[in-house]
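In short: position in the sequence shown from 1, add 689, done, that's our numbering.
Glycine included, each C-beta is placed from N, C-alpha and C at the ideal position.
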Amino acid sequence: MVFRNLIILPEAEQDVAQAYIWYEERELGLGEEFLRCVDACIQLIRRNPQTYQVVYQSYRRAVVRRFPYVVFYEPSDTTIIV
């Protein structure tokens, strides 16, 4: 198993932060659960980035479990950009 370098763009970090706040405002602890699920999704992407569906050119999409949220990323031989 090869772990590639992971680059999370500032826009992606901001999007996750906004979603965290939204979920946490709905129910205490739900934002934390959201972050755990996003992290688990990213770890699955790192382990096997070719598993997920290509949606445009070299960009792929992974669905976050339990939440209506997807992670878009672009894998290469050495790096994954989210």
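Cβ neighbours of residue i in the same chain (closer than 8 Å, five flanking residues each side left out)
i, result
"residue 733", "740, 751"
"residue 754", "726, 729, 730"
"residue 744", "750, 761"
CA nearest to the CA of residue i, picked from the options
i, options, result
"residue 748", "756, 765, 757, 736", "765"
"residue 705", "763, 759, 768, 767", "759"
Distance, residue j Cα to residue i Cα
i, j, result
"residue 721", "residue 757", "15 Å"
"residue 735", "residue 761", "13 Å"
"residue 742", "residue 715", "31 Å"
"residue 767", "residue 694", "6 Å"
"residue 700", "residue 738", "20 Å"
Where the beta strand (DSSP E) containing residue i begins and where it ends
i, result
"residue 719", "Where residue 719 is concerned, there is no enclosing beta strand (DSSP E), although the alpha helix (DSSP H) it sits in stretches over 719-736."
"residue 759", "759-764"
"residue 767", "Segment: none, residue 767 is in no beta strand (DSSP E) and carries neither H nor E."
Rounded Cβ spacing between residue i and residue j (contact assumed at less than 8 Å)
i, j, result
"residue 698", "residue 770", "7 Å"
Limits of the alpha helix (DSSP H) - the one that residue i falls within
i, result
"residue 746", "Taken as a continuous stretch (DSSP letters only), residue 746 belongs to no alpha helix (DSSP H), as it is neither H nor E."
"residue 710", "699-715"
Sequence-distant residues of the same chain with beta carbon closer than 7 Å to residue i, five excluded per side
i, result
"residue 724", "709"
"residue 702", "none"
Contact set for residue i: own chain, Cβ-Cβ below 6 Å, skip 5 residues either direction
i, result
"residue 712", "719, 720, 723"
"residue 763", "747, 748, 770"
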